[in-house]
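Participant: Below you will find the structure I want to go over with you.
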Amino acid sequence: MLAPERNWWTPLHRYEKSWVIVAFFWCILLTAMMPIWYFYGRQNVPAETLSTTPEAFEEKVQEMVAQYEIGTENGLPVVAPPPGSDVYLLARQWQWYPVLQLEEGETYRLHLSSLDVQHGFSLQPVNLNLQILPGYDYIATLTPTQTGEFSIICNEFCAIGHHLMVGKIIVK
Numbered sequence: 012m013l014a015p016e017r018n019w020w021t022p023l024h025r026y027e028k029s030w031v032i033v034a035f036f037w038c039i040l041l042t043a044m045m046p047i048w049y050f051y052g053r054q055n056v057p058a059e060t061l062s063t064t065p066e067a068f069e070e071k072v073q074e075m076v077a078q079y080e081i082g083t084e085n086g087l088p089v090v091a092p093p094p095g096s097d098v099y100l101l102a103r104q105w106q107w108y109p110v111l112q113l114e115e116g117e118t119y120r121l122h123l124s125s126l127d128v129q130h131g132f133s134l135q136p137v138n139l140n141l142q143i144l145p146g147y148d149y150i151a152t153l154t155p156t157q158t159g160e161f162s163i164i165c166n167e168f169c170a171i172g173h174h175l176m177v178g179k180i181i182v183k
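For the sequence shown, the numbering used here gives the first residue as 12, with consecutive numbering after it.
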């Protein structure tokens with residue numbers, strides 16, 4: 012058996028060294044950009060998260076539906092809470108409940124929670140994405156800026172009926 016040569020690797024070529032240096036500084040720049048963009052990018056949803064139980068959250072949703080229901084759509088209640096109020100939307104396999112009717116230019120506190128498993132809240136076409144977990148009340152301040160019907164899609168696989176989990180927010 013022969014021993015390997017003493018210098019079994021070859022030194023980097025000048026071009027390889029240049030690319031390693033460029034890649035290193037690029038990594039440093041991107042790492043620095045993450046906290047900078049977080050604090051100065053103004054792309055983060057103004058939100059807070061509170062602890063809750065699925066039962067307590069469902070009770071708040073049902074109280075809101077009983078107080079502000081104005082009709083039904085596809086078997087789900089349509090609620091029109093007053094501007095500035097707390098609006099509750101719950102996720103459960105495989106449904107967003109209820110349908111919300113909001114007013115353009117008015118601010119609402121949107122409470123989101125799940126009753127069963129992790130869901131993803133994706134408001135289309137505005138591309139607002141949030142993770143919704145059981146046991147947490149995720150509160151986002153929301154001010155609709157255009158009228159229309161906006162779809163809520165679950166973007167976190169939540170079992171066999173995941174593809175049917177579509178909700179709606181109507182802005183008048």
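By construction, the Cβ of each residue, glycine as well, lies at the ideal position given by its N, Cα and C atoms.
What's the gap between the Cα of I47 and the Cα of W37?
Facilitator: In the sequence shown, the residue the question calls residue 47 occupies position 36. In the sequence shown, the residue the question calls residue 37 occupies position 26. Approximately 15 Å, taken between the alpha carbons.
Participant: Which of the three DSSP states, helix, strand or coil, is assigned to K179?
Facilitator: Within the sequence shown, numbered from 1, the residue matching residue 179 stands at position 168. DSSP places K179 in strand when its eight states are reduced to three.
Participant: Would you identify the three-state DSSP class for L134, choosing helix, strand or coil?
Facilitator: Numbered from its first residue, the sequence shown carries residue 134 at position 123. If DSSP states are grouped into helix, strand and coil, L134 belongs with the strands.
Participant: Check whether the segment 73-82 touches the segment 155-167, counting contact only when three or more Cβ pairs, one atom from each stretch, lie closer than 8 Å.
Facilitator: These segments do not touch.
Participant: Going by other Cβ atoms of all chains shown within 10 Å of its Cβ, with 16 needed for buried, is G178 buried or exposed?
Facilitator: Here residue 178 is taken as the residue at index 167 of the sequence shown, counted from 1. The residue is buried, with at least 16 neighbouring Cβ atoms inside 10 Å.
Participant: Three or more C-beta pairs closer than 8 Å, one from the segment 112-130 and one from the segment 85-100: is that the case here?
Facilitator: Judged by Cβ distances under 8 Å, the segment 112-130 makes contact with the segment 85-100, as three or more pairs qualify.
Participant: Rounding to the nearest angstrom, what Cα-Cα distance links P22 and V33 in this structure?
Facilitator: Position 11 of the sequence shown, counting from 1, holds the residue named residue 22. Position 22 of the sequence shown, counting from 1, holds the residue named residue 33. The straight-line gap from Cα to Cα measures roughly 18 Å.
Participant: Using CA atoms only, rank isn't needed, just tell me which of A43, E115 and H130 is closest to N166.
Facilitator: As a first step, residue 166 must be located in the sequence shown, where it is residue number 155. With distances taken between Cα atoms, N166 lies closest to H130.
Participant: With H, G and I counted as helix, E and B as strand and the rest as coil, what does DSSP make of Q104?
Facilitator: In the sequence shown, residue 104 corresponds to position 93, counting from 1. If DSSP states are grouped into helix, strand and coil, Q104 belongs with coil.
Participant: Given this structure, state the Cα-to-Cα distance separating S62 from Y147, to the nearest angstrom.
Facilitator: Within the sequence shown, residue 62 is the residue found at index 51, counting from 1. Within the sequence shown, residue 147 is the residue found at index 136, counting from 1. C-alpha separation (whole angstroms): 5 Å.
Participant: Would you decide whether Q157 is buried or exposed? Buried here means 16 or more other CB atoms lie within 10 Å of its CB.
Facilitator: Within the sequence shown, numbered from 1, the residue matching residue 157 stands at position 146. Exposed is the call here.
Participant: Which full runs of the alpha helix (DSSP H) of 4+ residues lie inside the segment 63-98, going along the chain?
Facilitator: You should have 65-79.
Participant: Considering only their Cβ atoms, is the gap separating L101 from V72 smaller than 8 Å?
Facilitator: On the sequence shown, residue 72 is found 61 positions in, with the first residue counted as 1. On the sequence shown, residue 101 is found 90 positions in, with the first residue counted as 1. A contact, by the Cβ cut-off of 8 Å.
Participant: From Q142 to E66, what does the alpha carbon distance come to, in whole angstroms?
Facilitator: Translated into positions along the sequence shown, residue 142 becomes position 131. Translated into positions along the sequence shown, residue 66 becomes position 55. Rounded to the nearest angstrom, the two C-alpha atoms are 19 Å apart.
Participant: What does the Cβ neighbour count give for S124, buried or exposed, with the cut at 16 atoms within 10 Å?
Facilitator: The sequence position of residue 124 within the sequence shown is 113, counting from 1. The residue in question, S124, is buried, as its Cβ has 16 or more Cβ neighbours within 10 Å.
Participant: Just verifying my parser: in three-state terms, what is the DSSP assignment at E160?
Facilitator: Position 149 of the sequence shown, counting from 1, holds the residue named residue 160. Of the three classes helix, strand and coil, the one that applies to E160 here is strand, per DSSP.
Participant: Pull up the CB-CB distance for W107 and M45, whole angstroms please, since I reckon it's below 8 Å.
Facilitator: Translated into positions along the sequence shown, residue 107 becomes position 96. Translated into positions along the sequence shown, residue 45 becomes position 34. That pair is no contact at about 31 Å.
Participant: Nearest to I150 by alpha carbon, out of L40, T60 and E80?
Facilitator: In the sequence shown, residue 150 corresponds to position 139, counting from 1. Answer by Cα proximity: T60.
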